[in-house]
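Protein chains in written order, with my numbering: chain E, 27 to 312; chain G, 27 to 312. Glycine included, every Cβ here is placed at the ideal spot set by N, Cα and C. All figures in this text were calculated on a predicted structure; none of them were measured in a lab. Presented below is the structure to which this report refers.
Protein chains: 2
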Amino acid sequence: MKIIRSPTSMAAWSEQLRRQGVKIGFVPTMGALHEGHRALIREARLRCDALVVSIFVNPTQFGPQEDLAKYPRTISQDRALCRKEDVDVSFEPTVEAMYPSGFQTMVTLPTIARRWEGEVRPHHFSGVATVVTKLFGVIRPQIALFGQKDFQQSALVRQLVKDLNLGVEIVVYPTVRETDGLSMSSRNIYLSPDDRIRATTLYKSLQAGAEIIRSGVSDGQAVQAAMAQVVEKEPTLTVDYLVVCDPHSLEPLSAVTSRVVLLGAVRIGSVRLIDNILTNPPRRSS
Amino acid sequence: MKIIRSPTSMAAWSEQLRRQGVKIGFVPTMGALHEGHRALIREARLRCDALVVSIFVNPTQFGPQEDLAKYPRTISQDRALCRKEDVDVSFEPTVEAMYPSGFQTMVTLPTIARRWEGEVRPHHFSGVATVVTKLFGVIRPQIALFGQKDFQQSALVRQLVKDLNLGVEIVVYPTVRETDGLSMSSRNIYLSPDDRIRATTLYKSLQAGAEIIRSGVSDGQAVQAAMAQVVEKEPTLTVDYLVVCDPHSLEPLSAVTSRVVLLGAVRIGSVRLIDNILTNPPRRSS
Numbered sequence: 027m028k029i030i031r032s033p034t035s036m037a038a039w040s041e042q043l044r045r046q047g048v049k050i051g052f053v054p055t056m057g058a059l060h061e062g063h064r065a066l067i068r069e070a071r072l073r074c075d076a077l078v079v080s081i082f083v084n085p086t087q088f089g090p091q092e093d094l095a096k097y098p099r100t101i102s103q104d105r106a107l108c109r110k111e112d113v114d115v116s117f118e119p120t121v122e123a124m125y126p127s128g129f130q131t132m133v134t135l136p137t138i139a140r141r142w143e144g145e146v147r148p149h150h151f152s153g154v155a156t157v158v159t160k161l162f163g164v165i166r167p168q169i170a171l172f173g174q175k176d177f178q179q180s181a182l183v184r185q186l187v188k189d190l191n192l193g194v195e196i197v198v199y200p201t202v203r204e205t206d207g208l209s210m211s212s213r214n215i216y217l218s219p220d221d222r223i224r225a226t227t228l229y230k231s232l233q234a235g236a237e238i239i240r241s242g243v244s245d246g247q248a249v250q251a252a253m254a255q256v257v258e259k260e261p262t263l264t265v266d267y268l269v270v271c272d273p274h275s276l277e278p279l280s281a282v283t284s285r286v287v288l289l290g291a292v293r294i295g296s297v298r299l300i301d302n303i304l305t306n307p308p309r310r311s312s
Numbered sequence: 027m028k029i030i031r032s033p034t035s036m037a038a039w040s041e042q043l044r045r046q047g048v049k050i051g052f053v054p055t056m057g058a059l060h061e062g063h064r065a066l067i068r069e070a071r072l073r074c075d076a077l078v079v080s081i082f083v084n085p086t087q088f089g090p091q092e093d094l095a096k097y098p099r100t101i102s103q104d105r106a107l108c109r110k111e112d113v114d115v116s117f118e119p120t121v122e123a124m125y126p127s128g129f130q131t132m133v134t135l136p137t138i139a140r141r142w143e144g145e146v147r148p149h150h151f152s153g154v155a156t157v158v159t160k161l162f163g164v165i166r167p168q169i170a171l172f173g174q175k176d177f178q179q180s181a182l183v184r185q186l187v188k189d190l191n192l193g194v195e196i197v198v199y200p201t202v203r204e205t206d207g208l209s210m211s212s213r214n215i216y217l218s219p220d221d222r223i224r225a226t227t228l229y230k231s232l233q234a235g236a237e238i239i240r241s242g243v244s245d246g247q248a249v250q251a252a253m254a255q256v257v258e259k260e261p262t263l264t265v266d267y268l269v270v271c272d273p274h275s276l277e278p279l280s281a282v283t284s285r286v287v288l289l290g291a292v293r294i295g296s297v298r299l300i301d302n303i304l305t306n307p308p309r310r311s312s
């Protein structure tokens, strides 16, 4: 596996392969790789000829009060995982190379970034959209894979690629979970042992919402109430949102008539967790 | 010459040539082509294997009070000029294809867009940055040419390409002028015969500024006063700005110590004209 730090060298590597007709796949990460990333990388490996994984803790997507400084950095283990999964290049740019003096361009998607995570984290999605545009510019992959766990992010990336004609196929891969249902996240290590157990409540609440939808309840308010009820049993959890949304626009729905996404975010102490489930109403028997 | 209207077809045409190692050149225009465009297209023709000219009056770079509706549209003549100059593709997307329902992504460069044209036209440069990013995404040229006449625009595009790692070489081609010095512009047709004569005052004023810089005056205020003096003789002209700036940051300079750009914008009746000159202080004799 090649380790490339310079964006210029990365672009040159990519350009040379593209000219030979090689299909380039790309998995962007912030490192601290876990089984969720491994699943993404394996899926990517099957879908391309040359596979690039980026490891870059992007400062522009963190708020001033957020965990940029303490975000887990495990570069040796990350590289070992990438090597094992037959990644061709680990792209590890420095912050200075990505945001040199004079840097100023920002990419914003005001509609899709307005609600949910965007409300709690005001500049987060503009940071994500900008760094994804840059990484796509450097690597110019034919295909890129994102985890479903960051559902709003994946919806934003799809819209971004369409809006800016970036010509990258976006694949969103299902969330990988611990055996008790907690979605894999680099931030799970922040949880105390007690909070780690309580954290499963988020997924349980989303499951409760999905269950009553599949049982035929179509009222959005009723679904939200069912989800809220589960979380309320765990008073150490604070809900940021627990909602039923259109999976493309992420607008909240008053009635479930087709495929929906249930989105949730909770706080346990100083740790913030997000999760989601895609689900369908029962087929109408006619 | 091929006329392509669909961004998807355009991207496919480009992609196929790129795979064959063909160097693609690109000249973005809003049509109403004049001798300035012709010079750009000729220069581009010399620098690439396959040449794409886009003809697209981009609505997002016009303000609500601006001339979008009456902007000159001369598509038959434009195509004839392109054919004559051996252009390979005239890319003529519709507004609907470029900005379909749900479109929301905007690209902004707050620092470089803050002053001068950006002050008078608040959303203009975000419209320019967004459409240029889109056009580069569709065509993926190796090289693109812009006219020096829109100096701030060309500085913005350079910064945009660097910031978003778009990998396009940007060439800025000198302004083409009428015999009396007026810079070529699609908007010159708006001028009445009298105003057409008065319009040359803008370039004369910039020339006066350049002249005293070359004569050894280095005080920014003095240079601006020299330029203002010329325009004041023509009371039908209103000055928006007449300034001495750093040619990269476009920040105004209090002292001329190296290459500078003189930027000017004036109004004659309802017509707004911009122009600029790049110049150097005299070499110091030691």
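Does DSSP put residue i in a helix, a strand or coil?
{"i": "L217 (chain G)", "result": "coil"}
{"i": "S80 (chain G)", "result": "strand"}
{"i": "K96 (chain G)", "result": "coil"}
{"i": "S209 (chain G)", "result": "strand"}
{"i": "K49 (chain E)", "result": "coil"}
{"i": "P278 (chain G)", "result": "strand"}
{"i": "C74 (chain E)", "result": "coil"}
{"i": "V257 (chain G)", "result": "helix"}
{"i": "R240 (chain E)", "result": "helix"}
{"i": "P85 (chain G)", "result": "helix"}
{"i": "R203 (chain G)", "result": "strand"}
{"i": "G235 (chain E)", "result": "helix"}
{"i": "P33 (chain E)", "result": "helix"}
{"i": "V113 (chain G)", "result": "coil"}
{"i": "A225 (chain G)", "result": "coil"}
{"i": "L59 (chain G)", "result": "coil"}
{"i": "R68 (chain E)", "result": "helix"}
{"i": "P272 (chain G)", "result": "Note that residue 272 (chain G) corresponds to Asp in the displayed sequence, not to Pro. Note: D272 (chain G) maps to coil in three-state DSSP."}
{"i": "G246 (chain G)", "result": "helix"}
{"i": "R293 (chain E)", "result": "strand"}
{"i": "R309 (chain E)", "result": "coil"}
{"i": "R298 (chain G)", "result": "strand"}
Answer with yes or no whether the minimum CB distance from residue i to chain E is below 8 Å.
{"i": "L192 (chain G)", "result": "yes"}
{"i": "T131 (chain G)", "result": "yes"}
{"i": "A76 (chain G)", "result": "no"}
{"i": "P307 (chain G)", "result": "no"}
{"i": "T159 (chain G)", "result": "yes"}
{"i": "L135 (chain G)", "result": "yes"}
{"i": "Q91 (chain G)", "result": "no"}
{"i": "Q320 (chain G)", "result": "Beyond the ends of chain G as shown, which are 27 and 312, falls residue 320 (chain G); an answer cannot be given."}
Less than 8 Å between the CB atoms is what I'm expecting for residue i and residue j, so what's the real figure, rounded?
{"i": "V265 (chain G)", "j": "V292 (chain G)", "result": "5 Å"}
{"i": "L304 (chain E)", "j": "P273 (chain E)", "result": "6 Å"}
{"i": "A139 (chain G)", "j": "F151 (chain G)", "result": "4 Å"}
{"i": "V78 (chain E)", "j": "I50 (chain E)", "result": "7 Å"}
{"i": "K175 (chain G)", "j": "M124 (chain G)", "result": "About 24 Å; that fails the 8 Å criterion."}
{"i": "V202 (chain E)", "j": "G62 (chain E)", "result": "4 Å"}
{"i": "R31 (chain G)", "j": "T120 (chain G)", "result": "7 Å"}
Is any beta-carbon of chain G found at less than 8 Å from that of residue i?
{"i": "G47 (chain E)", "result": "yes"}
{"i": "I50 (chain E)", "result": "no"}
{"i": "I196 (chain E)", "result": "no"}
{"i": "T279 (chain E)", "result": "The sequence as given places Leu at residue 279 (chain E); Thr does not occur at that position. No, its Cβ sits nowhere closer than 8 Å to a Cβ of chain G."}
{"i": "I138 (chain E)", "result": "yes"}
Can you confirm whether residue i, when its beta carbon is compared against all beta carbons of chain B, has any partner nearer than 8 Å?
{"i": "D189 (chain E)", "result": "Of the chains in the structure shown, none is chain B; the protein chains are E and G."}
**Item:** Whole alpha helix (DSSP H) elements within the segment 115-195 of chain G, 4-residue minimum
**Value:** 121-124, 143-146, 150-165, 177-189
**Request:** Check each residue of the segment 162-174 of chain G: if its Cβ is closer than 7 Å to any Cβ of chain E, include it; give the result in chain order.
**Result:** G163, V164
**Message:** Give me the subset of the segment 32-45 of chain E whose CB atoms are less than 7 Å from a CB atom of chain G, sorted by chain position.
**Reply:** P33, A37, R45
**Item:** Near-chain E residues of the segment 289-302 of chain G - C-beta to any C-beta below 8 Å
**Value:** none
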